[in-house]
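Asks:
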Amino acid sequence: MPADPATGAKIITWSFASGPGSITDPFSGFLNGEYKATVEKAMNAWAKASGLTLQEVTDSPATDIRIGWGDFDTKDSGVLGFTSFQTDHSTIKAGAIIRLEDPSETALSHGGPEQQTYAGTHATLYQVLLHEIGHALGLADNADPTSVMYAEASSSNRTLDQTDISGIQFLYQTSPSAAAGTDLSTSSVSGITSSTPASDPGGLNQMIQAMQALARRLPRIPTFLRKANPPSLLTNSLLH
Numbered sequence: 021m022p023a024d025p026a027t028g029a030k031i032i033t034w035s036f037a038s039g040p041g042s043i044t045d046p047f048s049g050f051l052n053g054e055y056k057a058t059v060e061k062a063m064n065a066w067a068k069a070s071g072l073t074l075q076e077v078t079d080s081p082a083t084d085i086r087i088g089w090g091d092f093d094t095k096d097s098g099v100l101g102f103t104s105f106q107t108d109h110s111t112i113k114a115g116a117i118i119r120l121e122d123p124s125e126t127a128l129s130h131g132g133p134e135q136q137t138y139a140g141t142h143a144t145l146y147q148v149l150l151h152e153i154g155h156a157l158g159l160a161d162n163a164d165p166t167s168v169m170y171a172e173a174s175s176s177n178r179t180l181d182q183t184d185i186s187g188i189q190f191l192y193q194t195s196p197s198a199a200a201g202t203d204l205s206t207s208s209v210s211g212i213t214s215s216t217p218a219s220d221p222g223g224l225n226q227m228i229q230a231m232q233a234l235a236r237r238l239p240r241i242p243t244f245l246r247k248a249n250p251p252s253l254l255t256n257s258l259l260h
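Under the numbering used here, the first residue of the sequence shown is numbered 21, with each subsequent residue one higher.
(1) List the endpoints of the continuous alpha helix (DSSP H) containing Gln182.
(2) Closest to Val168 by CA distance: which of Leu157, Ser35, Ser70 and Leu150 is it?
(3) Taking Cβ positions, are Asp84 and Ala114 nearer each other than 7 Å?
(4) In terms of DSSP beta bridges, what is Asn162 paired with?
(5) With a cut-off of 8 Å, do at least 3 Cβ pairs link the stretch 47–63 to the stretch 84–95?
(6) Counting C-beta neighbours from all protein chains within 10 Å, is the total for Asn177 16 or more, i.e. buried, or is it exposed?
(7) How many angstroms separate the CA atom of Ala65 from the CA atom of Ile43?
(8) Which class does Asp79 belong to by DSSP, given the choice of helix, strand or coil?
(9) Where does Ser70 land, buried or exposed, given buried means 16+ other C-beta within 10 angstroms?
(10) In three-state DSSP terms, what is Thr179?
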């Protein structure tokens, strides 16, 4: 993995997709305007927590992480996001694809990065991005209900907590600019919210599909996923 010559930080590249995805993971469209700011905020949150340099580059298949829209028919499927990648000896290969539910299919409200909410849900675009970027960086879902990588989106895990910070630091052996214990709530924070459909009085939360629930006790350290193309979904039920 290349390093920033000025800081020594490990560099992971990412891009706003401007070309096709893969045959199995096609983009339905490309992000622009206010949605780009939301992606940048989520990337900055992970960069600050990890000490990694998450560098935006011109889109190409060689980019480490590519981000675009996808058609998931959220109203019927509940799916809001999907991350796919391949590994080589436990190392995530370049070309990971993050697809987010296309607002032309399920409308997104307008506003700042933390106010863009999918119609019929309480799920924000920022929430979905934080979780999916975590997967693209190699983190699995975990059992900490206050972690952004927890399987259920709720008001208790809207920020990167100590589990997320410890996990990403352990994974990359980094020295982050935001030290452990730093309150990240003013800089990176909101994103995981209750994603109960707004019309659902029964309180059925939308869930994020567990790719692997690895950690059973604190501290919980997520690891690289070894299965090729493991999906990450935001859905209205917990999938196994």
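Ideal Cβ placement from N, Cα and C applies to all residues, glycine included.
Small disclaimer: the values here were computed from a predicted structure and weren't measured.
Replies: According to the structure shown:
(1) On the sequence shown, residue 182 is found 162 positions in, with the first residue counted as 1. Gln182 to Tyr192 is the span of the alpha helix (DSSP H), which, as asked, contains Gln182.
(2) Reading the sequence shown from its first residue, position 148 is the one you call residue 168. Minimum Cα distance to Val168 is reached at Leu150.
(3) Locating residue 84 in the sequence shown gives position 64, counting from the first residue. Locating residue 114 in the sequence shown gives position 94, counting from the first residue. Result yes, Cβ atoms of Asp84 and Ala114 sit closer than 7 Å.
(4) Position 142 of the sequence shown, counted from the start, is the residue given in the question as residue 162. According to DSSP, Asn162 bridges with Tyr170.
(5) yes
(6) What you label residue 177 is simply residue 157 of the sequence shown in a count that begins at 1. It counts as buried.
(7) Residue 65 sits at position 45 when you count from the first residue of the sequence shown. Residue 43 sits at position 23 when you count from the first residue of the sequence shown. Near 31 Å, if we compare the C-alpha coordinates of Ile43 and Ala65.
(8) Here residue 79 refers to the residue found at position 59 of the sequence shown. It is coil, neither helix nor strand.
(9) For this step, residue 70 is matched to residue 50 along the sequence shown. That one is buried.
(10) As a position in the sequence shown, residue 179 is number 159, starting the count at 1. Coil, per DSSP.
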